[in-house]
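Numbering (UniProt numbering), first residue to last: 1 to 360.
What follows is one structure encoded as structure tokens, with my remarks underneath.
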Amino acid sequence: MPGDGIGPEVMTEVRKVIAWLAEHRDVHFDVSEDLVGGAAYDVHGVPLHDDTMAKAQAADAVLLGAVGGPKYDTLDFSLKPERGLLRLRKEMDLFANLRPAQCFDALADFSSLKRDVVAGLDIVIVRELTSGSYFGEPRGIFKEGNERVGINTHRYTESEIERAARAAFELARRRSNRVCSMEKANVMEAGVLWRDVVTEVHQADYADVELSHMYADNGAMQLVRAPKQFDVILTDNLFGDILSDCAAMLTGSLGMLPSASLGAPMENGRPKALYEPVHGSAPDIAGQGKANPTACVLSFAMALRYSFDLGAEATRIETAVEKVLADGVRTADLLQAEGDTAVSTTQMGDAIVAALTASL
Ligand code: NAD
Ligand code: IPM
Ligand code: MN
1 MPGDGIGPEV MTEVRKVIAW LAEHRDVHFD VSEDLVGGAA YDVHGVPLHD DTMAKAQAAD
61 AVLLGAVGGP KYDTLDFSLK PERGLLRLRK EMDLFANLRP AQCFDALADF SSLKRDVVAG
121 LDIVIVRELT SGSYFGEPRG IFKEGNERVG INTHRYTESE IERAARAAFE LARRRSNRVC
181 SMEKANVMEA GVLWRDVVTE VHQADYADVE LSHMYADNGA MQLVRAPKQF DVILTDNLFG
241 DILSDCAAML TGSLGMLPSA SLGAPMENGR PKALYEPVHG SAPDIAGQGK ANPTACVLSF
301 AMALRYSFDL GAEATRIETA VEKVLADGVR TADLLQAEGD TAVSTTQMGD AIVAALTASL
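What follows is the structure, encoded as structure tokens:
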């Protein structure tokens, strides 16, 4: 689902990687395309058609570009492009959103932070994705006396916290075995419950994993002060949204960050899954061939790893990206010094494919 703005532009580059895998690795995908967001609204009058929802439910993996744009800003709330994406996440029950932030060495000077702070960084934010203030009831804009009141509800059940915590602990075991859980237990009851449940799950089943807790505001500060202190960060839907954009700048650009949104295992043992870049539709650069397709390509690599047991091919793609960056190929979002020239979205995609071929 390419979606809106730069979504279709970055997805075009992923198609090249899919074609490369078919040609050179004998790995074949049955790919079907559909509309989401503003693109779906333009055709169907809704940001996600029921038929598209059914196709997503039946797929082994969904790959999404981005949704949204100024053209749709004045639409009724329920018709906004973002509702299409939120419906996919909710109805597929994709509760565990993995947002890795890895600083490739070639980009350590591109972060707004000092090289020493970010070089070698490798963390994952596990963001709870189907609950909290994004979905809690009551919600809406109501009349109260002679003024309006806007309401969203930050609501978490024990089981929702528990399954997100399990996802984070399981992931930590395959990494450096450390989880830092972030909430605002000092001011929010839902934060107190979050901390309690994470602690209980830890004591019951994951005592071998090192667990710490942090208030999310301090977490934001620590993320830019000394991000390498973290391995896996576990947090709720809204804090996770904000902290992951913050983590993006540790890697040099929002155009670098992939994500996987995973649900419970299906009958075949693999999780329901949607893969998408962390960035949005970037209306300011859409249609200009400037978008960095790396986040979308790396999201596809995550799909290979988590949905298709093709970890080796995923690593091959990640290594190709690393090589392209080491060779000095940069899209405009990564340019820094005066006199540097940027490659286009298409050229970046071609460079990644060329690096894949060179890896054979
Ligand atoms: P954005 O992520 O679209 O853009 C933020 C900034 O980062 C912009 O300056 C943009 O040019 C730059 N940027 C983002 N991705 C880039 C890439 N791949 N290459 C180069 N530069 C890149 O966020 P925004 O401007 O706040 O939101 C724009 C629209 O996107 C809104 O409608 C928003 O709701 C939507 N959005 C969608 C998603 C999604 O589909 N998952 C995520 C975030 C925002
Ligand atoms: C993201 C985006 C989405 C979110 C929007 C577009 C619904 O910002 O994926 O990070 O807020 O979750
Ligand atoms: Mn976001």
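The beta carbon of each residue, even a glycine, is placed where N, CA and C say it ideally should be.
Comparing alpha-carbon positions, which option in the options lies nearest residue i?
i	options	result
A66	D241, M11, P271	M11
E158	I141, E82, A59, G191	G191
A106	F169, G150, T319, D196	T319
V179	L211, Y206, A295, R195	L211
Y126	G289, Y275, S244, N186	The question names Tyr, but residue 126 in the sequence shown is Val. Measuring from the Cα of V126, the nearest candidate turns out to be S244.
R225	K272, K114, I141	K114
G269	K228, D241, F308	F308
D284	K71, A164, V14, A56	K71
F230	V278, V198, S181	S181
R305	S261, L79, E13, L360	S261
D236	L335, G145, H24, R99	R99
R139	R148, G145, T153, E147	T153
E162	L223, V197, I18	V197
C246	V46, A355, V118	V118
L223	D60, L250, W194	L250
D73	T331, A58, A19, Y41	Y41
V201	G219, A185, V232, A168	A168
E276	A286, D60, L257	L257
F104	A295, T341, A358, L310	A295
W194	A61, E160, D333	E160
R83	M53, D60, L63, F110	M53
K208	G45, S359, R174	The question names Lys, yet the displayed sequence has Asp at residue 208. The shortest C-alpha separation from D208 is found at R174.
V353	N186, A22, I242, G7	A22
G255	L325, E189, D333	D333
I6	G219, L48, T346	T346
A325	F110, D241, E170, G287	Per the sequence shown, residue 325 should be read as Leu rather than Ala. Comparing Cα positions, the closest option is F110.
N186	N218, H24, S176	N218
V62	P47, D50, D34, G240	D34
D60	P265, M348, A220, T357	P265
N177	V46, A314, D116, Y206	Y206
G120	R25, A312, P227	P227
D241	A56, G280, H44	G280
Taking DSSP's pairing of strands, which residues face residue i in a bridge?
i	result
E210	R178
K143	R148
T12	Paired residues: none, contrary to the question.
G65	Beta-bridge pairing links G65 to no other residue.
Y72	In the DSSP output, where bridge partners are listed per residue, Y72 has none listed.
E128	A96
P258	P277
D122	Q102
T345	Beta-bridge pairing links T345 to no other residue.
L234	V126, S181
T357	Answer by DSSP bridge pairing: none, since T357 is not bridged.
G3	A66
Y215	E183
T153	G136
residue 363	Nothing can be reported for residue 363, as the shown portion of the chain is limited to 1 through 360.
Taking Cβ positions, are residue i and residue j nearer each other than 9 Å?
i	j	result
G263	M92	yes
V321	V297	yes
R166	G136	no
K16	D350	yes
E183	A216	yes
L234	A337	no
D122	A108	no
R89	L238	no
A282	A291	yes
S253	G289	no
V36	G69	no
T341	P293	no
G38	P81	yes
R64	V124	Checking the displayed sequence, the identity of residue 64 turns out to be Leu instead of Arg. Going by C-beta atoms, L64 is not nearer than 9 Å to V124.
T357	H24	yes
Counting only beta-carbon separations shorter than 9 Å, does residue i have a partner in chain C?
i	result
N268	Absence of chain C from the displayed structure is noted, only one protein chain being present.
Counting Cβ pairs closer than 8 Å, one from the region 95-108 and one from the region 128-147, do we hit at least three? yes
With the ligand MN as the reference, list in chain order each residue whose Cβ lies under 6 Å from any of its heavy atoms. D241, D245
Would you check if the region 19-30 and the region 71-88 touch, i.e. whether three or more CB-CB distances between them fall below 8 Å? no
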